[in-house]
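Just remember that my numbering sits 91 ahead of the position in the sequence shown, which is counted from 1.
Heads up: the structure comes next, in structure tokens.
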Amino acid sequence: MHTVQLLFVEANTHQEAVEIVDSKINDWEGHWSDWHAIGGRWSGIFGENHPDVINYKNEPELFEKHLNDFVEGRKKRLEECLQRFEEGGKSLSQFVDTYNPEIFDIDMNLYSLKCMVKVLAGDWTYDSCFFDLEAYSETLVPFRERVATRPEKQFVVAVDFHF
Numbered sequence: 092m093h094t095v096q097l098l099f100v101e102a103n104t105h106q107e108a109v110e111i112v113d114s115k116i117n118d119w120e121g122h123w124s125d126w127h128a129i130g131g132r133w134s135g136i137f138g139e140n141h142p143d144v145i146n147y148k149n150e151p152e153l154f155e156k157h158l159n160d161f162v163e164g165r166k167k168r169l170e171e172c173l174q175r176f177e178e179g180g181k182s183l184s185q186f187v188d189t190y191n192p193e194i195f196d197i198d199m200n201l202y203s204l205k206c207m208v209k210v211l212a213g214d215w216t217y218d219s220c221f222f223d224l225e226a227y228s229e230t231l232v233p234f235r236e237r238v239a240t241r242p243e244k245q246f247v248v249a250v251d252f253h254f
């Protein structure tokens with residue numbers, strides 16, 4: 092399966108931003124993705140002038156538009172995970188009450204809850220939609236702090252992840 096994510100980095104140029112993303116992902120990759128491509132299936136996501144990379148200072152409106160879209164995408168994924176869990180008809184109490192360490196019994200409803208909790212707890216997963224590679228953070232706080240002081244060095248790179 093494939094997912095696109097926005098990755099935030101600090102760089103001097105578009106090319107350097109891509110190189111930093113590639114380097115950091117190659118050093119880290121493997122936790123949930125087996126390979127990636129800059130842009131990939133989503134090449135051109137930011138338009139013809141900036142197919143896979145945007146600089147905050149040069150294009151703040153475009154940057155914020157895509158960021159807001161991906162924030163909404165993360166919220167939607169969380170809501171979908173919660174809905175799948177709730178549709179399973181089994182409460183958390185029931186999972187605890189019937190827990191048996193002698194039996195591996197994870198169903199898709201519990202898996203949906205696990206996916207939701209991982210994102211809410213700050214883990215970088217295929218459901219994250221965006222991630223700050225400078226701060227290794229799923230929150231926007233470090234990125235916003237850097238934008239306030241060095242907007243010309245803030246880039247977002249669209250990456251197609253396979254998992």
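C-beta: ideal position from N, C-alpha, C; glycine also.
These figures come from a predicted structure and were not determined experimentally.
{"Asked": "Please report how far the alpha carbon of CYS220 lies from the alpha carbon of VAL95, in whole angstroms.", "Found": "7 angstroms"}
{"Asked": "Beta strand (DSSP E) containing GLU101: first to last residue?", "Found": "93–101"}
{"Asked": "With a cut-off of 8 angstroms on the beta carbons, I'd call LEU153 and LEU97 a contact; round off their distance for me.", "Found": "Contact flag wrong, Cβ pair sits at about 12 angstroms."}
{"Asked": "To which residues of the same chain is CYS172 closer than 6 angstroms at the C-beta, ignoring the five residues directly before and after it?", "Found": "SER203, CYS206 and MET207"}
{"Asked": "Assuming HIS141 and PHE252 form a contact by the criterion Cβ under 8 angstroms, report the distance between their Cβ atoms to the nearest whole angstrom.", "Found": "HIS141 to PHE252, Cβ: 20 angstroms. No contact."}
{"Asked": "Does the Cβ-Cβ distance between PHE137 and PHE234 come in under 9 angstroms?", "Found": "no"}
{"Asked": "Could you check what DSSP says for ASN146 in three-state terms: helix, strand or coil?", "Found": "strand"}
{"Asked": "Is it true that the region 177–197 meets the region 99–111, where meeting means three or more beta-carbon pairs spaced less than 8 angstroms apart?", "Found": "no"}
{"Asked": "So, SER134 versus ASP143, is the Cβ gap smaller than 9 angstroms?", "Found": "yes"}
{"Asked": "What span of residues does the alpha helix (DSSP H) with HIS157 cover, start to end?", "Found": "151–178"}
{"Asked": "Let's see if you can read the secondary structure: which residues bound the beta strand (DSSP E) around TRP126?", "Found": "126–129"}
{"Asked": "Reducing DSSP to helix, strand and coil, say where ALA239 ends up.", "Found": "helix"}
{"Asked": "Pick helix, strand or coil for ALA108, following the three-state DSSP scheme.", "Found": "helix"}
{"Asked": "Can you grab the Cα-Cα spacing for the pair ASP118 / LEU224, in whole Å?", "Found": "12 angstroms"}
{"Asked": "What span of residues does the alpha helix (DSSP H) with ASP218 cover, start to end?", "Found": "ASP218 -> no alpha helix (DSSP H), and no H or E assigned at all."}
{"Asked": "For a quick check, are the C-beta atoms of VAL210 and LEU169 less than 9 angstroms apart?", "Found": "yes"}
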